[in-house]
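Below is one structure, written out as structure tokens; the observations come after it.
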Amino acid sequence: MELRFAPLFSGSSGNSIYVGCDSGHLLVDAGVSCARVVAELRRLGVDPARLAGILVTHEHIDHIRGVGVLSRRYDLPVYATEGTWTAMEDKLGGVALKNARVHEPLRDLYVGGMNVMAFDIPHDAAQPVGYAISAGGARLSVATDIGCVRESWLNVAAGSDAVVLESNYDPDMLRAGPYPYALKQRILGRRGHLANDDAGRAALELVKGGARQIVLGHLSKENNFPALAEKSCALALADGGVRLGDDASLCVAERDGLTGIFSVRMGF
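To get our numbering, take the position in the sequence shown, counting from 1, and add 22.
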């Protein structure tokens, strides 16, 4: 059984990732409008009514903007931690009681024929998580909105064959940019977002742990460039002895719209 994923949107203005296998389909977050998510799913040939559910990482609007409408329109379960549910419930516009699913980090969950495990991440939200999703022996991790590299989340993600990894900002661009001082400090903090160089160091550890596909995501529109994020990560991997194309692949997810469909394979 093949595990597939496709970043639909990835950036500070909205995030959503499709994950699927032969027996089911999932979304991780829906941070743009329902209409935009549905349009990208249909480009993939996926009927939104056949989704087994939406996994929510945390309550920030760029991750939940379309969640409520999608759930109501297509009768979809929404999975989130208790803390995230408490923080986002009023923002969703109502979700049917039967579709409000609470889960705990590091506990196995089976959705759409896939094994799902949430893991804690450092971010300034109520109870934020990343997700490790497995099917057919292959494993994908989604690790975005992460303030710093910690062994706790890295150890979980490191067992994955593919990882969608945050590479949010370049520190020099952020410090020289137009953001207010308080926002800059929030992003730079240990519960903010992951800088390019930190993403490169994390990517090296992930590849050492078995990852063969790294997709950089959640890039800031104002404080980063795709080419810069990719180059920073590529240099860190090369310095660690990783040969791109032979040992692992690297790319950057598109901000607005489908990046492509990726097949998660064990051992590349």
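Heads up, the beta-carbon is just placed ideally off N, CA and C, and yes, glycines get one too.
CA-to-CA distance, E173 to A109, given in whole angstroms = Residue mapping note: residue 109 aligns to position 87 of the sequence shown, counting from 1. Residue mapping note: residue 173 aligns to position 151 of the sequence shown, counting from 1. The straight-line gap separating the alpha-carbon atoms of A109 and E173 is approximately 26 Å.
Residue environment, E104, which counts as buried when at least 16 other CB atoms sit within 10 Å = Locating residue 104 in the sequence shown gives position 82, where the first residue counts as 1. E104 is exposed by the Cβ-count criterion.
What number of angstroms, rounded off, separates the C-alpha of G134 from the C-alpha of L98?
-> Taking the sequence shown and counting its residues from 1, one reaches residue 134 at position 112. Taking the sequence shown and counting its residues from 1, one reaches residue 98 at position 76. Linking G134 to L98 through their CA atoms gives a straight-line distance of about 12 Å.
Just confirm the distance between the C-beta atoms of S182 and C255, as a whole number of angstroms; I'd bet it's less than 8 Å.
-> Taking the sequence shown and counting its residues from 1, one reaches residue 182 at position 160. Taking the sequence shown and counting its residues from 1, one reaches residue 255 at position 233. So it is not a contact: roughly 16 Å between Cβ atoms.
Taking only the alpha-carbon atoms, compute the straight-line gap between A224 and I39 and give it to the nearest angstrom.
-> Numbered from its first residue, the sequence shown carries residue 224 at position 202. Numbered from its first residue, the sequence shown carries residue 39 at position 17. Cα-Cα distance, rounded: 20 Å.
Would the region 188-203 and the region 230-248 be scored as touching if the rule is three or more Cβ pairs under 8 Å?
-> The region 188-203 vs the region 230-248: in contact.
Count the other C-beta atoms from every protein chain shown that fall within 10 angstroms of the C-beta of Y101, then say buried if there are 16 or more, exposed otherwise.
-> As a first step, residue 101 is located in the sequence shown; it is residue number 79 there, counting from the start. By the neighbour-count rule (16 or more Cβ atoms within 10 Å), Y101 is buried.
Residues near C43 in its chain [Cβ-Cβ closer than 8 Å; skip 5 each side] = Your numbering for residue 43 matches position 21 in the sequence shown. The answer, listed in chain order, is M23, E24, L25, R26, G134, G135, M136, A157 and G158.
Nonlocal neighbours in the same chain, by C-beta distance under 6 Å from F290, ignoring five residues either side | Here the question's residue 290 lines up with position 268 in the sequence shown. Unreliable placement is indicated for F290, whose pLDDT of 49 sits below 50; no coordinate value is reported for it.
Quick one: give me the first and last residue of the beta strand (DSSP E) that I143 is part of.
-> Residue numbering aside, residue 143 sits at position 121 when the sequence shown is read from its first letter. Here I143 belongs to no beta strand (DSSP E), and DSSP marks it neither H nor E.
So the beta strand (DSSP E) P29 belongs to, where does it begin and stop?
-> Along the sequence shown, one-based indexing puts residue 29 at 7. Under the DSSP assignment, P29 falls in the beta strand (DSSP E) whose first and last residues are L25 to G33.
By the 10 Å Cβ neighbour count, where 16 or more other Cβ atoms means buried, how is P200 classified, buried or exposed?
-> Within the sequence shown, residue 200 is the residue found at index 178, counting from 1. It counts as exposed.
Report yes if the CB atom of V117 is closer than 9 Å to the CB atom of S93, and no otherwise.
-> In the sequence shown, residue 117 corresponds to position 95, counting from 1. In the sequence shown, residue 93 corresponds to position 71, counting from 1. Yes. Within cutoff.
Is D91 helix, strand or coil by DSSP?
-> Translated into positions along the sequence shown, residue 91 becomes position 69. Note that residue 91 corresponds to Val in the displayed sequence, not to Asp. It is helical.
Answer yes or no: does any C-beta atom of chain C fall closer than 9 Å to that of C170?
-> Among the chains of the structure shown, chain C does not appear; only one protein chain is present.
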